[in-house]
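J.:
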Amino acid sequence: MLPLINRRILITRARGQASALATQLEALGATTILIPTIEIAPPSSYCALDVALITIRSFDWLIFTSANAVHAYIERARQLRLNPQAKRVAAIGPATAKEATDEGLIVHLTPSISIAESLAEALRAHAAGAKILLVRAAVARDILPKTLTEAGAQVTIAEAYRNAIPPDSIDQLRTLFATNPPDAITFTSASTAENLVALMERAALTLPSEIVLASIGPITSQAMRDLSLNPTIEAAEATIPALVEAIANHLKP
Numbered sequence: 136m137l138p139l140i141n142r143r144i145l146i147t148r149a150r151g152q153a154s155a156l157a158t159q160l161e162a163l164g165a166t167t168i169l170i171p172t173i174e175i176a177p178p179s180s181y182c183a184l185d186v187a188l189i190t191i192r193s194f195d196w197l198i199f200t201s202a203n204a205v206h207a208y209i210e211r212a213r214q215l216r217l218n219p220q221a222k223r224v225a226a227i228g229p230a231t232a233k234e235a236t237d238e239g240l241i242v243h244l245t246p247s248i249s250i251a252e253s254l255a256e257a258l259r260a261h262a263a264g265a266k267i268l269l270v271r272a273a274v275a276r277d278i279l280p281k282t283l284t285e286a287g288a289q290v291t292i293a294e295a296y297r298n299a300i301p302p303d304s305i306d307q308l309r310t311l312f313a314t315n316p317p318d319a320i321t322f323t324s325a326s327t328a329e330n331l332v333a334l335m336e337r338a339a340l341t342l343p344s345e346i347v348l349a350s351i352g353p354i355t356s357q358a359m360r361d362l363s364l365n366p367t368i369e370a371a372e373a374t375i376p377a378l379v380e381a382i383a384n385h386l387k388p
């Protein structure tokens, strides 16, 4: 028997990112419900990213902390008709590295654990005197630039996109929880948790205590705890396959 048969799972990822998670859950029998708590929007200004793209060969390292950052970086390079290839590229994890590779970039470094702390540690040996470009969301944790700057790097941050809250999701959440709440909710970033809480408040909804809250990793789990969302399960590593495995093991008959 499929381990997730008759289980209904809410996916909170951005619409363009949800398919891989949905496909893997559905392969195990789950019914997936996509109500994004995030939508990817342009940054308030492309100025920093444009300057970085024009001068990309002056940087020793280009760092990506999400697949969204890779996509936004490549799309802007195409719009400006610029070559996006840097001297060396670092990616926070396998999904981000795959997105970069699929876009034709050569990835030189990926840490063993897909969190900013591990990426910072992996880059520390290369930091002294290096010029590093960090392409990321408008709002993000500062552990990476702080650590690399302290290690002697000159870090430039280029905002490539913003995580916005989709207003249409409010009515979708109201309908979902008024009729047939899900068995589990997936959280794949701190933003998915923060934005779900904001959307639930706007919709005047409370999460039923019996719903399984599934976190992709320790950073997301801590963000959830800070919001009084105690993770029921956490993936063994911060990847979609590991998250799916954790959900299947927990919900299997």
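Quick note, the sequence shown lines up with residues 136 to 388 if you use my numbering. All residues carry an ideal CB built from backbone N, CA and C; glycine is no exception.
1. Since I198 and S304 are thought to touch, with beta carbons under 8 Å apart, how far apart are those beta carbons, to the nearest angstrom?
2. Under 8 Å Cβ to Cβ from I278, same chain only, skipping five residues before and after it: list those, please.
3. At which residue ranges does the segment 142-213 contain complete beta strand (DSSP E) runs of 3 or more residues, listed in the order of the chain?
4. Alpha carbon to alpha carbon, what distance is there between L334 and H261?
5. What does the alpha-carbon distance come out to for the pair L311 and A381?
6. DSSP state of S363, grouped into three classes?
7. Suppose only complete runs of 3+ residues qualify. What are the beta strand (DSSP E) ranges in the segment 279-320, listed by chain order?
8. Quick one: any contact between the segment 191-210 and the segment 224-232, if contact means 3 or more CB pairs under 8 Å?
9. Residues in the same chain with beta-carbon distance under 6 Å from A325, minus the five sequence neighbours each way, listed in chain order, please.
10. For G438, count the other beta carbons within 10 Å of its own beta carbon; 16 or more makes it buried, fewer makes it exposed. Which is it?
11. I think E161 touches P301, with their Cβ atoms under 8 Å apart; what is that distance to the nearest whole Å?
12. Could you please give the first and the last residue of the uninterrupted alpha helix (DSSP H) stretch that includes K387?
13. Closest by CA to R211, which one among G228, E238, A225, A226?
14. Give me, in chain order, the residues of the same chain whose beta-carbon lies closer than 6 Å to that of A273; leave out the 5 immediate sequence neighbours on both sides.
15. On a Cα-Cα basis, can you pick out the residue from A176, T323, T367 that is closest to S344?
16. What are the boundary residues of the alpha helix (DSSP H) that includes V332?
17. Buried or exposed for A221, please, with buried defined as at least 16 other CB atoms from any protein chain shown within 10 angstroms of its CB.
18. Here's a check: name, in chain order, each residue in its chain whose Cβ is nearer than 6 Å to the Cβ of A369, leaving out the five neighbours to either side.
19. I need the straight-line Cα distance from K387 to A371, nearest angstrom please.
20. So, for T167: in the same chain, excluding its five sequence neighbours on each side, which residues have a beta-carbon less than 7 Å away from its beta-carbon?
21. In its own chain, which residues sit with a C-beta less than 6 Å from the C-beta of A286, not counting the 5 before and 5 after it?
22. Kindly indicate which three-state DSSP category V242 falls into: helix, strand or coil?
23. Just how far apart, CA to CA, sit I292 and A183?
24. Where does R148 land, buried or exposed, given buried means 16+ other C-beta within 10 angstroms?
25. So, for N218: in the same chain, excluding its five sequence neighbours on each side, which residues have a beta-carbon less than 8 Å away from its beta-carbon?
26. How many angstroms separate the CA atom of S363 from the CA atom of P317?
27. For A130, which residues of its own chain have a beta-carbon under 7 Å away from its beta-carbon, when the five flanking residues on both sides are left out?
T.: Taking the definition as stated:
1. Between S304 and I198 the Cβ distance is about 31 Å, and since that is not below 8 Å, they are no contact.
2. A251, E252, A255
3. 143-146, 166-169, 174-176, 196-199
4. 42 Å
5. 24 Å
6. coil
7. 289-299
8. yes
9. T355, A358
10. Residue 438 lies beyond the residue range present for the chain, which begins at 136 and ends at 388; the question has no answer from this structure.
11. In fact, because the Cβ distance is near 22 Å, the residues do not count as touching under 8 Å.
12. No alpha helix (DSSP H) holds K387; DSSP gives it neither H nor E.
13. E238
14. P178, E294, R297
15. T367
16. 325-337
17. buried
18. A small correction: the amino acid at residue 369 is Glu; Ala does not occupy that position in the sequence shown. S350, S356, listed in sequence order.
19. 17 Å
20. I144, I146, A157, L160, E161
21. R259, A262
22. coil
23. 8 Å
24. buried
25. I191, A212
26. 19 Å
27. This structure gives no information on residue 130, because the portion of the chain shown stretches from 136 to 388.
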